[in-house]
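Numbering (the working numbering), first residue to last: 15 to 130.
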């Protein structure tokens with residue numbers, strides 16, 4: 015997985031919350047909606063996921079540029095999924111978290127130095 019693939023993930027904002035296209039986000043992790051549904055039937059795994067902050071709630075948004083309804087997952091649930099999968103050695107999740115850490119830390123440093 016390249017940084018380009020990760021950076022192409024569409025992020026949408028509704029009020030003060032950020033959302034990710036559920037299907038695209040899962041695809042980037044090497045998963046699909048069916049995989050997510052199977053988690054609901056495995057209480058121990060689902061509980062571990064919830065302990066990472068996962069709510070499992072989705073929202074439907076109409077994207078003006080595409081004129082279609084898309085199922086979205088919150089950015090915090092997206093990060094919880096990544097953390098859950100990374101602890102299970104999902105290399106795609108590890109790469110995604112590394113990407114976010116690199117860019118997030120750069121932002122943190124710039125902000126700390128008063129450059130933002």
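Idealized CB from N, CA, C, for every residue including glycine.
Can you look up residue i in the DSSP assignment and give me helix, strand or coil?
| i | result |
| --- | --- |
| residue 34 | strand |
| residue 84 | strand |
| residue 106 | helix |
If I measure Cβ to Cβ from residue i and keep anything under 7 angstroms in the same chain, skipping five residues before and after, which residues do I get?
| i | result |
| --- | --- |
| residue 90 | 67 |
| residue 46 | 40 |
| residue 72 | 36, 85, 86 and 87 |
Count the other C-beta atoms from every protein chain shown that fall within 10 angstroms of the C-beta of residue i, then say buried if there are 16 or more, exposed otherwise.
| i | result |
| --- | --- |
| residue 127 | exposed |
| residue 94 | buried |
| residue 30 | exposed |
| residue 107 | buried |
| residue 163 | For the chain, the structure presents residues 15 to 130; residue 163 sits outside this window and is missing. |
When you compare the CB of residue i with every CB in chain B, is at least one pair closer than 7 angstroms?
| i | result |
| --- | --- |
| residue 101 | Judged by its chain identifiers, the structure shown contains no chain B, having just a single protein chain. |
So does the region 99-119 actually touch the region 76-89, counting three or more Cβ pairs closer than 8 angstroms? A contact between stretches requires three or more CB pairs, one per stretch, nearer than 8 angstroms, and the region 99-119 fails this requirement with the region 76-89.
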